[in-house]
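Participant:
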Amino acid sequence: MFSLMGFVVAVLFGCEKADSSVISSGANTTQERLEEMNSIDRNSYAEVADVFLETQHITTQDKPYFLVFGANGCLYCDRLKTLIKQDSQIKESLKNNFSPYYINLSYSKKHNVDFLNKKVSTTKLGQIYGVRSTPTLVFLNANGDTLFVYPGYMQRDRFMATLEFLQNPDIAKLDEKTIAMKLRDLFEQKKI
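Letter by letter, the sequence shown follows residues 0 to 191 in numbering that gives the first Met the number 0.
#1: Is the beta carbon of PHE147 sitting closer than 8 Å to the one on LEU182?
#2: Helix, strand or coil for LYS172 per DSSP?
#3: Going by Cα to Cα distance, which pick from ILE170, ALA70 and ARG41 is closest to GLY151?
#4: Along the chain, where does the beta strand (DSSP E) that runs through ASN111 open and close?
#5: Check for me: the alpha helix (DSSP H) holding LEU192 runs from which residue to which?
#6: Check whether the region 94-112 touches the region 55-72, counting contact only when three or more Cβ pairs, one atom from each stretch, lie closer than 8 Å.
#7: Output the distance between the C-alpha atoms of ASP86 and ILE57, rounded to the nearest integer angstrom.
#8: Excluding sequence positions up to five away, which residues of its chain have a Cβ less than 6 Å from the Cβ of VAL21?
#9: Tell me which residues share the same chain as PHE51 and place their Cβ nearer than 7 Å to its Cβ, disregarding the 5 neighbours each side in the sequence.
#10: Kindly indicate the opening and closing residues of the beta strand (DSSP E) around GLY129.
#11: Below 8 Å CB to CB, which residues in the same chain sit around ASP169 once its five sequence neighbours on both sides are set aside?
#12: Give every residue of the same chain whose Cβ lies closer than 8 Å to the Cβ of GLN88, excluding the five residues on either side of it in the sequence, and list them in chain order.
#13: Leaving out the 5 sequence neighbours to the left and right, which residues in its chain are closer than 7 Å to LYS94 when beta-carbon positions are compared?
#14: If THR121 and LEU104 are in contact, beta carbons under 8 Å, what's the gap, nearest whole angstrom?
#15: Assuming GLU31 and LYS80 make a contact with CB atoms under 8 Å, what is their CB distance in whole Å?
#16: Measuring straight from C-alpha to C-alpha, what distance separates ASP174 and ASP184?
This is how it looks when you write it as C-alpha cells:
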C-alpha cells in the first residue's frame, strides 16, 4: 500500500520538465562507449601506436599497406612490437613508406576497408588473408592486392630487407608467387 502511495506521490510531484542534458548524456555515454569499444584494441599495441594507424577505417595514403594480425598473449606478437618500437630504421620505414595497421584478433570490431569497399569484422578480415597463427604479416599494394603474406615472427634483418624490397613501386606489378620467390632468393643471397 505504501509503495503504491509512494509511486503516486512521485508521479504527481516529479519533475515537470525533462532536463535535456540528462537525455543527451545518456546518448553521449552510448557514443563514448562505442568509441571506447572501437579503440580498445589500440591499447594492446600502445607501445607502437605512433607507428600504426587506427583500424576502424583502413585506408591508404597512396602507399602500400602493411597489416599485422596479432593477438593478446602472443609472445611473438610482443617480440614484433618490441622490435618495431626499438628499431628506428624499421619504425621510420613503416611510417614513411607504408600504411601500417595492427589488427588484434582478440577483439571484435568493424573495419571500414577502402580497398574492399565495405565494412568487415576483425574475424572476417583475418579469414580473407588466411590467418591461422599470429603474428601474420600481410603486405598489400596501394590498391589492396596481396603482395606477400608471412605467417610468424620475422627477425630484424629479414624484416628490413622485406620492407626495402616491397616499397619499390615496380614490385606491385608482380604476382604474389613471383614476389615470394624473389624474396626467398633475396633471403638466401643475404643469408637471412
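Where a beta carbon is used, it is the ideal one built from N, C-alpha and C, also for glycine.
Facilitator: Here's the rundown:
#1: Taking 8 Å as the cut-off, the Cβ atoms of PHE147 and LEU182 count as close.
#2: In this structure, LYS172 counts as helix in the three-state DSSP scheme.
#3: For the options ILE170, ALA70 and ARG41, the alpha carbon positioned closest to that of GLY151 is the one of ALA70.
#4: Judged by DSSP secondary structure, ASN111 falls within the beta strand (DSSP E) whose first and last residues are 109-112.
#5: Any property of residue 192 remains undetermined from this structure, which presents the chain solely from 0 to 191.
#6: In short, these stretches touch, since the Cβ pair count reaches three.
#7: Each residue's alpha carbon lies about 25 Å from the other.
#8: In this prediction, VAL21 has a pLDDT of 38, which is less than 50 and means its spatial position is unreliable; what the coordinates show is noted afterwards. Answer for VAL21: no residue qualifies.
#9: Cβ within range, chain order: TYR44, PRO99, TYR100 and TYR101.
#10: Careful: GLY129 lies outside any beta strand (DSSP E) and carries neither H nor E.
#11: No residues qualify anywhere along the chain.
#12: These residues qualify, in order along the chain: MET159.
#13: Listed in chain order, the non-local C-beta contacts of LYS94 below 7 Å within the same chain comprise VAL50, local neighbours out to five positions each way being set aside.
#14: The C-beta distance from THR121 to LEU104 rounds to 6 Å, short enough to fall under 8 Å.
#15: About 27 Å; that fails the 8 Å criterion.
#16: So the two alpha carbons sit approximately 16 Å from each other.
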